[in-house]
Amino acid sequence: MAKKKICIDAGHYGKYNRSPVVPEYYESDMVWKLHLMQKEILEGYGFEVILTRGNQATDRGLYDRGYAAKGCVLFISDHSNACGTESVDYPVVYRGYDNIGNCDALALKLAKVIASTMGTVQAGRTATRRGSSGGEYYGVLRGARAAGLTDYYIVEHSFHTNAKMTRWLLNDSNLRKLAEAECRVIAEHYGMDSGKAEDKGSMTKITGKAEATAEQMAAYIKAKNGSVAQSVIDMIPLYLSEGEAENIRGDIAFAQSCLETGNFTFSGSAVKLSQNNFCGMGVTKNGETGNSFSTPQLGIRAQVQHLKAYANTTKLKQDCIDPRFDLVSRGCAPYVEYLGIQENPKGKGWAAGAGYGGKILKILDAIKGAGSGQSGSGGQDSGKKPDDGGKQQADFTPYLITTTCDVLNIRSGAGAGHSVVGAIREKAGKKNKYTIVEEKDGWGRLKSGAGWISLSYTKKAAASGGGTGFTPYLITTTCDVLNIRSGAGAGHSVVGAIREKAGKKNKYTIVEEKDGWGRLKSGAGWISLFYTKKAS
Numbered sequence: 437m438a439k440k441k442i443c444i445d446a447g448h449y450g451k452y453n454r455s456p457v458v459p460e461y462y463e464s465d466m467v468w469k470l471h472l473m474q475k476e477i478l479e480g481y482g483f484e485v486i487l488t489r490g491n492q493a494t495d496r497g498l499y500d501r502g503y504a505a506k507g508c509v510l511f512i513s514d515h516s517n518a519c520g521t522e523s524v525d526y527p528v529v530y531r532g533y534d535n536i537g538n539c540d541a542l543a544l545k546l547a548k549v550i551a552s553t554m555g556t557v558q559a560g561r562t563a564t565r566r567g568s569s570g571g572e573y574y575g576v577l578r579g580a581r582a583a584g585l586t587d588y589y590i591v592e593h594s595f596h597t598n599a600k601m602t603r604w605l606l607n608d609s610n611l612r613k614l615a616e617a618e619c620r621v622i623a624e625h626y627g628m629d630s631g632k633a634e635d636k637g638s639m640t641k642i643t644g645k646a647e648a649t650a651e652q653m654a655a656y657i658k659a660k661n662g663s664v665a666q667s668v669i670d671m672i673p674l675y676l677s678e679g680e681a682e683n684i685r686g687d688i689a690f691a692q693s694c695l696e697t698g699n700f701t702f703s704g705s706a707v708k709l710s711q712n713n714f715c716g717m718g719v720t721k722n723g724e725t726g727n728s729f730s731t732p733q734l735g736i737r738a739q740v741q742h743l744k745a746y747a748n749t750t751k752l753k754q755d756c757i758d759p760r761f762d763l764v765s766r767g768c769a770p771y772v773e774y775l776g777i778q779e780n781p782k783g784k785g786w787a788a789g790a791g792y793g794g795k796i797l798k799i800l801d802a803i804k805g806a807g808s809g810q811s812g813s814g815g816q817d818s819g820k821k822p823d824d825g826g827k828q829q830a831d832f833t834p835y836l837i838t839t840t841c842d843v844l845n846i847r848s849g850a851g852a853g854h855s856v857v858g859a860i861r862e863k864a865g866k867k868n869k870y871t872i873v874e875e876k877d878g879w880g881r882l883k884s885g886a887g888w889i890s891l892s893y894t895k896k897a898a899a900s901g902g903g904t905g906f907t908p909y910l911i912t913t914t915c916d917v918l919n920i921r922s923g924a925g926a927g928h929s930v931v932g933a934i935r936e937k938a939g940k941k942n943k944y945t946i947v948e949e950k951d952g953w954g955r956l957k958s959g960a961g962w963i964s965l966f967y968t969k970k971a972s
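Offset between the sequence shown (1-based) and our numbering: plus 436.
The following block contains the structure:
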């Protein structure tokens with residue numbers, strides 16, 4: 437039986453449609469990444485997937501791109517939208533003007549899942565547009581219709597004139613979530629959801645930016661090996677810099693080194709610290725001592741390059757010093773889980789032992805749980821004490837808000853993943869006040885009992901009898917070291933830090949909130965409230 441075939445179009449080529457509110461965003465960059473993710477995920481469901489372009493630099497006529505879907509069951513052209521009003525954020529899917537083949541059904545499913553995944557304020561919707569001759573206005577849709585399709589769509593992933601949504605789309609992990617959600621809807625629609633052998637979306641890619649910090653890596657190895665050599669501590673930042681140079685996760689390389697060297701004890705290892713070989717490279721059978729490198733940096737570079745050989749087919753950025761690079765079948769293990777030969781569906785991999793990748797991931801999880809729990813530079817303690825020890829009332833005090841948009845979804849729970857149960861709809865020029873009686877993860881519960889709203893689209897309002905006034909409250913940190921910054925945001929300079937002793941948590945008073953950051957009563961500065969919890 438022939439596979440169902442899908443054609444995906446990255447809506448623009450080159451460097452096109454720069455966001456006016458987030459200058460680093462280009463629509464063409466986003467849709468290129470997204471459609472490659474969609475291709476990979478849909479192929480995992482069992483579809484055959486073709487693309488309208490071979491590379492991002494290639495232009496192709498609109499009609500031709502649509503007609504390229506001949507023989508397919510589905511054509512999608514990925515985009516982000518634009519308008520003159522920054523608050524607009526709804527996703528919209530353009531479909532056949534006459535609802536041919538009931539194409540609105542899948543279009544609406546896609547619009548809704550995009551809205552829920554991205555957490556847009558405004559609901560997802562479908563739309564049509566006809567040309568002067570009465571047919572499809574958009575060239576790609578005319579081409580797809582001429583090719584015999586009924587399910588053909590332009591998918592607008594919110595608006596790149598909305599700063600919040602544009603920043604969301606700049607995050608590759610968010611794009612992955614978006615691609616997974618859309619592909620799940622598509623697979624269910626075409627009855628292909630039961631054929632997926634493995635959820636690759638839950639697997640750990642080797643390619644990308646590190647998630648753990650050098651501080652966490654150092655804290656982990658010191659906890660596991662009390663006599664670890666200082667030279668090992670000193671070289672830890674090299675895992676991150678060498679990984680970044682090749683777009684390979686340096687924290688994964690470090691976790692692998694911990695596994696291969698017995699947490700740098702080298703107990704039972706075929707290699708020694710003096711070899712600067714921290715991954716067992718070249719040890720293919722008992723009795724071999726493996727490769728040696730002149731410096732720790734070169735040894736780590738070779739390891740990163742070897743991981744890249746397994747992870748993808750992209751060219752090396754630096755000169756190749758991995759003596760075994762060309763022995764690898766490029767791209768055969770894009771996920772950590774596939775580094776073990778026994779778990780790799782192609783029967784290839786770094787090591788033959790069972791569960792090799794899983795062991796690396798277990799170490800990686802422990803690393804990310806070590807140390808401060810906060811990325812960024814450490815900073816020195818400021819001259820001011822973080823707080824006064826705190827004697828303010830910590831109970832939640834209800835307060836009034838007004839919305840900063842005309843339509844704000846009300847959800848059943850605190851988060852964009854919960855279902856929409858209603859909406860606040862404001863009349864032009866008039867703003868009502870609403871009472872928030874509980875906060876959770878940037879969401880507020882309405883006093884009326886209607887549900888939860890995103891506080892990102894609200895501002896505090898004065899009560900009719902005067903100001904509500906911010907009520908100071910107490911917090912404790914959920915980490916041992918928490919940076920204090922000069923302003924509310926990670927872009928501000930580090931001016932100090934809260935440093936807690938093991939087993940002891942002090943209380944600190946927050947006297948102002950802004951964008952998820954809290955200002956300390958002591959005047960020392962601002963801290964991220966993500967790493968705190970309210971205290972009694």
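Beta carbons: idealized from backbone N, C-alpha and C, even for Gly.
Could you pull the start and end residues of the alpha helix (DSSP H) that residue i belongs to?
i: Leu472; result: Glu463 to Tyr481
i: Gly767; result: Neither: Gly767 is in no alpha helix (DSSP H) and is coded neither H nor E.
i: Ala650; result: Ala650 to Lys660
i: Arg620; result: Asp608 to His625
i: Gly502; result: Leu498 to Tyr503
i: Gly735; result: Pro732 to Ala747
Could you give the DSSP three-state label for residue i: helix, strand or coil?
i: Ala543; result: helix
i: Ala446; result: strand
i: His596; result: coil
i: Arg489; result: coil
i: Thr408; result: The structure shown does not extend to residue 408, since the chain spans only 437 to 972, so no value can be given for it.
i: Thr553; result: helix
i: Glu680; result: helix
i: Glu484; result: strand
i: Ser710; result: helix
i: Glu418; result: It is not possible to answer for residue 418, since the shown part of the chain is limited to 437 through 972.
i: Phe511; result: strand
i: Asn517; result: strand
i: Ser693; result: helix
i: Leu797; result: helix
i: Ala582; result: helix
i: Val528; result: strand
i: Lys784; result: coil
Starting from residue i, trace the beta strand (DSSP E) both ways and give me its first and last residue.
i: Val856; result: Val856 to Arg861
i: Leu844; result: Val843 to Arg847
i: Val719; result: Neither: Val719 is in no beta strand (DSSP E) and is coded neither H nor E.
i: Val664; result: Here Val664 belongs to no beta strand (DSSP E), and DSSP marks it neither H nor E.
i: Ile837; result: Tyr835 to Thr839
i: Gly954; result: Trp953 to Leu956
i: Lys969; result: Thr968 to Lys970
Are residue i and residue j closer than 8 Å when you measure CB to CB?
i: Lys784; j: Glu682; result: no
i: Tyr533; j: Arg566; result: yes
i: Ile657; j: Phe714; result: no
i: Ala691; j: Leu775; result: no
i: Arg489; j: Tyr449; result: yes
i: Glu949; j: Asn942; result: no
i: Lys641; j: Pro770; result: yes
i: Ser609; j: Asp525; result: no
i: Thr838; j: Thr912; result: no
i: Pro834; j: Ile777; result: no
i: Ala541; j: Val528; result: no
For residue i, count the other beta carbons within 10 Å of its own beta carbon; 16 or more makes it buried, fewer makes it exposed. Which is it?
i: Leu577; result: buried
i: Gly805; result: exposed
i: Leu605; result: buried
i: Trp953; result: buried
i: Asp755; result: exposed
i: Asn491; result: exposed
i: Gln666; result: exposed
i: Gln816; result: With a pLDDT of 33 at Gln816, under the threshold of 50, the modelled position of this residue cannot be trusted; read the value that follows with caution. Label assigned to Gln816: exposed.
i: Leu763; result: exposed
i: Thr597; result: buried
i: Ser929; result: exposed
i: Arg861; result: exposed
- Which whole runs of the beta strand (DSSP E) in the region 874-937 are 3 residues long or more, in chain order? 879-882, 888-890, 894-896, 909-913, 917-921 and 930-935
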